[in-house]
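>
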Amino acid sequence: MQARFKHLALVVAGALSGAAMAGPISGDVVKIGILTDMSGVYASLGGKGSVAAAQMAVADFGGKVLGKPIEIVSADHQNKADIGAAKAREWFDTQGVDMVNDLLNSGVAIAVQKVGAEKKKIVIVNGAGSTALTNKECSPYGVHYAYDTYSLAKGTATALMKQGLDSWYFLTADYAFGQSLEAETTKVVGVLGGKVLGGVKHPLSSTDFSSYLLQAQNSGAKVIGLANAGGDFVNAVKQAKEFGIKQTLVGLLVFDTDVKALGLNAAQGMKFTTAYTWDLNAETRAFGNKYLAKTGSMPTMVQAAVYSSTMHYLNAVKAAGTDDPDAVMKKMRDTPINDFFAKNGKIREDGRMVHDMYLVEVKKPNESRSVWDMLKLVSTIPGEQAFKPLAGSECPLVKK
Amino acid sequence: MDIPLQAILSQAMLGLNNGAFYALLSLGLAVIFGMLNVVNFAHGAFYMLGAFVALLGYDYLGQWLGNADMRLSFWAALLVAPIVVGLLGVIVEKTMLQRLYKVDHLYGLLLTFGLALIFEGVFTNYFNVAGEPYNAKPEVLEGAVNLGFMFFPKYRLFSIVLSLTVCFGVWYLIERTRLGSYLRAGTENPDVTRAFGIDVPKLRTFTYFLGVALAGLAGVVAAPIYSVSPKMGSDLIIIVFAVVVIGGMGSIMGAILTGLALGLLEGLVKVFYPPLANTVIFIVMALVLLWRPAGLFGKEA
């Protein structure tokens with residue numbers, strides 16, 4: 000009799016603990032939404048490649064967390080803030096999505112991060128660059144992971160100013176990201192004693208840059224700063240070559256895939272700042288080659304960051320024992336990030352993930368030994384110097 | 000405001016370059032509207048298809064035929080792409096468009112608009128919207144010529160000359176030759192033309208072939224300058240429609256001259272007040288429609 004009772008007690012306790020195990024994961028599944036540009040000018044930097052990166056992270060994590068399955072969903076934000084925000088809202092409200100990742104456009108990222116703050120859901124921004132995300136628009140549930148316009152401007156503009164290239168003209172993509180990048184670069188150039196002679200704003204995803212380039216040429220500036228990205232950057236560099244423009248052309252946000260699209264012949268000697276490139280060390284190479292084998296292309300810094308941040312999120316869920324956003328956010332902040340992407344990376348209270356950035360230079364065609372052998376490291380910019388110090392933050396969450 | 004002459008001249012050259020494109024595209028539209036009374040909304044899609052025929056012919060034709068070295072050269076593409084695109088146009092005309100000549104314009108417009116969306120959607124499914132580079136620009140056209148006030152890429156110079164030659168050639172064909180007179184007669188009075196023993200439906204098919212082939216040609220010419228992307232047609236088609244409306248729907252010479260003039264105007268506006276550059280064509284369109292509702296070269300109904 001006593002033995003039977005003992006048995007029953009064990010069964011009941013087992014059932015109860017099983018139920019208790021089920022509780023901490025909302026909806027019994029951890030759902031990660033990759034909201035990205037699937038078909039527009041930034042599709043090649045993130046897009047399907049970001050979805051693949053997230054899937055790799057889930058597979059490498061083991062496909063399950065706390066005994067519950069992990070699911071990836073994806074959607075196209077079409078670079079429109081209203082579409083991105085509506086999708087995020089739908090995901091959070093009706094699809095049970097726990098975390099949104101990627102976001103390739105600053106306008107979209109700001110809108111989605113706001114939705115996340117309102118719904119208390121974690122939003123990790125990898126594709127977008129505007130520093131507004133961790134300043135005026137900062138959110139307790141937002142993480143700005145890969146890079147931002149401050150770190151790009153700081154790294155690239157400082158390097159060029161050192162070479163005596165001290166007068167600038169900007170070609171700027173006319174929206175939040177381009178304006179932010181131009182403003183940050185202008186500040187760096189000004190602080191170091193340089194001058195900005197002018198600039199022209201072009202609509203996102205333009206085909207013809209010839210007219211803007213001629214204006215830049217006529218300005219007499221030593222440097223033409225391209226505060227745009229993706230297809231816009233590639234087209235502008237190509238056309239500058241076509242028109243025989245002699246000034247130093249500098250891409251303020253350049254991805255490995257852009258260099259590939261341009262070819263080394265057109266891009267050689269160009270210096271830019273990046274958060275990741277595959278050929279830095281053994282770890283970055285290992286990830287790059289694995290990704291190449293899966294997708295047919297080396298990862299951009301955005302796609303690498305999607306992998307790294309998804310992994311960090313899943314580890315935090317596991318460590319917290321729940322997918323409750325507050326608990327997971329706390330774990331994500333408390334745990335330093337140590338992987339192929341970041342060494343001792345830290346998420347600050349304003350949401351900025353601080354890690355080292357790299358100043359790289361595009362190789363000459365004769366220095367390259369394979370199709371993806373395109374960049375050489377010029378210098379490593381330590382995280383504290385690469386990102387804007389907390390002291391200057393406009394984020395209301397930062398206690399001063 | 001102090002603007003150097005050099006800047007004005009170089010922007011004018013770029014304007015002329017864009018203008019030649021506008022002329023080539025709006026010419027095809029004007030031919031189709033003038034002869035068939037069809038507002039061909041699929042024109043941008045045919046332009047995109049022309050560029051893709053050139054791109055695929057260069058990058059993939061060899062792989063498909065099992066001989067990797069076989070490539071469709073740029074010069075061959077100038078001939079092949081318009082024909083391929085034109086034949087696709089013939090299929091569209093024979094199977095669908097032909098049935099709509101007797102009904103309201105609106106039906107032709109809806110059909111061609113739907114076709115444009117389908118073509119664009121299919122290509123978006125397989126190709127990057129950011130665009131694929133077309134690497135078949137011939138050696139001879141590499142580099143730039145010094146025009147004194149600027150370095151102008153040889154290829155762009157070539158594209159201006161080619162577009163203008165084709166434009167005036169088509170104008171001559173329609174306005175000055177016997178075949179052209181049949182075409183015009185077929186639109187003016189199909190019944191009488193038929194009574195003279197001329198095969199009007201065949202003429203119409205030929206006209207659509209011609210108009211669409213012009214769009215395909217424009218696509219090939221554009222490919223080396225811009226990246227080849229499924230959206231390249233829809234980006235341009237709105238401006239081209241504005242050009243046709245300003246020139247007068249259906250007027251051949253109107254389309255050519257307006258295309259050139261508006262390209263120039265757009266280029267100059269980029270010097271004097273850049274933010275207005277994207278809208279200036281539509282402002283002109285609004286003004287012209289108020290002043291001459293049939294367009295600058297159109298016949299008042």
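Chains as they are written, first to last, in numbering that gives the first Met the number 0: chain W, 0 to 399; chain V, 0 to 300. Built from N, CA and C at the ideal position, the CB exists for glycine as well. Please read all numbers here as calculations on a predicted model, not as lab measurements.
(1) So residue 200(W) is in the beta strand (DSSP E); what residue range does that whole segment cover?
(2) Extract the residue ranges of the alpha helix (DSSP H) inside the region 21–99 of chain V, only unbroken runs of 4 or more that lie entirely within it.
(3) Counting contacts by CB-CB distance shorter than 7 angstroms, is residue 313(V) in contact with chain W?
(4) For residue 172(W), which beta-bridge partners are listed by DSSP?
(5) So is residue 241(W) in contact with chain V if we call contact Cβ pairs under 7 angstroms?
(6) Note down, in chain order, every chain W residue with its Cβ under 9 angstroms from the Cβ of residue 360(V).
(7) Is the CB-CB distance between residue 141(W) and residue 176(W) below 7 angstroms?
(8) If you compare alpha carbons, which of 96(W), 155(W) and 164(W) is closest to residue 181(W)?
(9) What residues of chain V sit near residue 436(W), judged by a beta carbon separation below 8 angstroms?
(10) In three-state DSSP terms, what is residue 271(W)?
(11) Using the C-alpha atoms, what's the distance from residue 150(V) back to residue 165(W)?
(12) In angstroms with no decimal places, state the Cα-to-Cα distance between residue 64(W) and residue 184(W).
(13) Whose C-beta lies closer than 7 angstroms to the C-beta of residue 247(V) among residues of the same chain, with five residues either side of it excluded?
(14) Helix, strand or coil: which one does DSSP assign to residue 118(V)?
(15) Using the Cα positions of residue 395(W) and residue 86(W), report the straight-line distance between them to the nearest angstrom.
(16) Would the beta-carbon of residue 300(W) fall within 7 angstroms of that of residue 291(W)?
(17) Nearest to residue 148(W) by alpha carbon, out of 125(W), 247(W), 343(W) and 113(W)?
(18) Taking any Cβ of chain V, which residues in the region 24–38 of chain W have a Cβ under 8 angstroms from it, in chain order?
(19) Check whether the region 70–90 of chain V and the region 264–280 of chain V are in contact - that is, three or more C-beta pairs closer than 8 angstroms.
(20) Is there a C-beta anywhere in chain W that falls below 7 angstroms from the one on residue 158(V)?
(21) Which residues of the region 243–269 of chain V have a Cβ closer than 8 angstroms to any Cβ of chain W? Give them in chain order.
(22) In chain W, which residues lie with their C-beta within 8 angstroms of the C-beta of residue 225(V)?
(23) Taking residue 3(V) as the query, report the chain W residues whose CB atoms sit under 8 angstroms from its CB, ordered along the chain.
(24) Would the region 345–363 of chain W count as touching the region 261–275 of chain W if we require 3 or more Cβ pairs under 8 angstroms?
(25) Which of helix, strand or coil does DSSP assign to residue 149(W)?
(26) Do residue 150(W) and residue 385(W) count as a contact pair if the criterion is CB distance below 7 angstroms?
(27) Does the beta-carbon distance from residue 168(W) to residue 192(W) come in below 7 angstroms?
(28) Under 7 angstroms between C-beta atoms, does residue 370(W) make it to chain V?
(29) Tell me, please, whether the CB atom of residue 194(V) is closer than 7 angstroms to any CB atom in chain W?
(30) Can you pull the chain V residues whose beta carbon is under 7 angstroms from the beta carbon of residue 199(W), in chain order?
(31) Can you give me the C-alpha to C-alpha distance between residue 62(V) and residue 122(V), rounded to a whole angstrom?
Short version:
(1) 194–201
(2) Fully enclosed alpha helix (DSSP H) runs of no fewer than 4 residues occupy 42–58, 60–64 and 73–94 of the region 21–99 of chain V, in order along the chain.
(3) What is shown of chain V runs 0 to 300, which leaves residue 313(V) out entirely.
(4) DSSP, once it has assigned bridges, lists 201(W) as partnering residue 172(W).
(5) Taking a beta-carbon distance threshold of 7 angstroms, residue 241(W) counts as an interface residue toward chain V.
(6) There is simply no residue 360(V) to check, as chain V begins at 0 and stops at 300 in what is shown.
(7) no
(8) 155(W)
(9) In the structure displayed, chain W extends from 0 to 399; residue 436(W) sits before or after that span and is not available.
(10) strand
(11) Each residue's alpha carbon lies about 25 angstroms from the other.
(12) Those two C-alpha atoms are separated by around 42 angstroms.
(13) 253, 293, 294, 295, 296 and 297
(14) Looking at residue 118(V) - three-state DSSP - the assignment turns out to be helix.
(15) If you draw a straight line from the Cα of residue 395(W) to the Cα of residue 86(W), it comes to about 27 angstroms.
(16) no
(17) 125(W)
(18) 38
(19) no
(20) So, not an interface residue.
(21) 266 and 269
(22) 206, 207 and 234
(23) Result: 217.
(24) yes
(25) helix
(26) It is a contact, given that the beta carbons lie within the stated cut-off.
(27) no
(28) no
(29) no
(30) 273
(31) 19 angstroms
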